[in-house]
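S.K.:
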Amino acid sequence: EAAGAFAAEIEVVPAEVASAISRRTPLIMISMGAGAGCDAQYLFSEDLLGSNRGHYPRHAKRYRDFAAELDRLQNGRIAAFREYADDIQSGAYPEPRHMVEADAEEMRKFEAYLASEGY
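See the structure below:
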């Protein structure tokens with residue numbers, strides 16, 4: 009407080025201890041795994057969204073399972089690029105609808121120009 013701080017984080021301490029400190033200081037006390045007796049709560053978005061694979065802190069609550077969703081998306085990305093490569097190899101891509109055609113007269117002029125330049 010004397011140094012000018014306006015807030016502090018209390019991380020993974022007993023809830024009763026965090027609450028006692030919070031009641032006795034004008035600082036905004038932010039709890040991360042220290043119970044509900046502080047002024048605010050904090051969780052890492054990776055924990056809240058379930059983005060991690062493996063260990064989650066006991067104080068973290070997973071609201072979603074983004075790790076599974078990210079795996080699904082990655083598998084979809086890989087499949088799409090494989091399909092693209094297969095389509096190129098087989099000649100299925102590009103189709104005429106994926107191409108732009110030159111105007112016949114402009115193409116004739118272009119071919120004449122190339123020939124005049126020795127190409």
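One point on numbering: in this note's numbering, the residue at position 94 of the sequence shown is 102, and numbering is uninterrupted.
Ideal Cβ positions, reconstructed from N, Cα and C, are used throughout, including at glycine.
(1) Distance, Cα to Cα, H106 vs R90?
(2) Evaluate the contact criterion for the segment 24-34 versus the segment 51-63: three or more CB pairs, one atom per stretch, below 8 angstroms.
(3) Could you tell me which of G84, A42 and D79 sits nearest to H67, measuring between CA atoms?
(4) In chain order, what residues of the same chain have a beta carbon less than 7 angstroms from the beta carbon of D73, not counting five sequence neighbours either side?
(5) Quick check on DSSP: helix, strand or coil for M37?
(6) In angstroms, rounded to a whole number, what distance separates the CA positions of Q82 and N60?
(7) Between the beta-carbon of V25 and the beta-carbon of M40, is there less than 8 angstroms?
M.R.: Concretely, from the data shown:
(1) Separation of H106 and R90 (C-alpha to C-alpha, rounded to the nearest whole angstrom) is 19 angstroms.
(2) Contact fails between the segment 24-34 and the segment 51-63, because fewer than three Cβ pairs, one in each stretch, are under 8 angstroms apart.
(3) Minimum Cα distance to H67 is reached at A42.
(4) Apart from the 5 residues on each side of it in sequence, D73 sits with its Cβ closer than 7 angstroms to the Cβ of G58 in its chain, given in chain order.
(5) The DSSP-derived three-state label of M37 is strand.
(6) In a straight line, the C-alpha of Q82 is about 15 angstroms away from that of N60.
(7) In this structure, M40 does not lie closer than 8 angstroms to V25 by Cβ.
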